[in-house]
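To start, the structure under review is shown below, and the notes come after it.
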Amino acid sequence: MTVPTIRSLLLALGLVAVAAPALAAAKDDAMLKLATGSGCMTCHHVEPGAKGPDGLAPIGPAWRDVSAKYKGQAGAENQLTATVLSGSNPYDSHWKGKASGLAMPPNRVAITEPDARKLVQWILSLDAKK
Numbered sequence: 017m018t019v020p021t022i023r024s025l026l027l028a029l030g031l032v033a034v035a036a037p038a039l040a041a042a043k044d045d046a047m048l049k050l051a052t053g054s055g056c057m058t059c060h061h062v063e064p065g066a067k068g069p070d071g072l073a074p075i076g077p078a079w080r081d082v083s084a085k086y087k088g089q090a091g092a093e094n095q096l097t098a099t100v101l102s103g104s105n106p107y108d109s110h111w112k113g114k115a116s117g118l119a120m121p122p123n124r125v126a127i128t129e130p131d132a133r134k135l136v137q138w139i140l141s142l143d144a145k146k
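Residues in the sequence shown are numbered consecutively from 17, following this note's numbering.
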């Protein structure tokens with residue numbers, strides 16, 4: 017490789033390194049806007065932390081906790097998208113003892129399947145701890 021080619025590659029890598037956080041922040045903003053507009057933020061939050069009156073997380077689990085629970089599991093995206101759209105069974109609650117709510121209501125009227133899938137993909141991409 018020539019020196020100008022190496023410089024061009026280094027410049028390109030530098031630009032990617034600078035642009036990546038901005039792109040990630042824009043994606044975060046878009047997903048939070050989608051979640052807020054779809055009513056998701058009524059029961060969920062991104063960061064674990066705030067507790068309800070019973071000492072449990074308010075209504076639904078924090079999305080970083082969801083991401084940690086499902087990270088790397090085959091079929092997680094499809095399963096969670098189905099849960100968002102159809103709701104969950106309170107008798108099969110896998111968040112029992114970890115969240116105040118026992119079931120997630122169906123949200124098909126509030127969010128489309130493609131948007132629910134995008135949101136779930138974003139949730140699963142979150143790191144367990146920021």
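Every residue gets a Cβ at the ideal spot worked out from N, C-alpha and C, and that includes glycine.
Taking 8 Å as the cut-off, the Cβ atoms of Asp81 and Pro64 count as close.
Secondary structure note for Gln137: its alpha helix (DSSP H) is the uninterrupted segment Glu129 to Ser141. Short of 6 Å from the beta carbon of Val136, and not among the five residues preceding or following it, lie these beta carbons of its own chain, in chain order: Glu93, Leu96 and Thr97. When only Cα atoms are considered, Leu48 and His61 end up about 10 Å apart.
Secondary structure of Ala119 (DSSP, three-state): coil.
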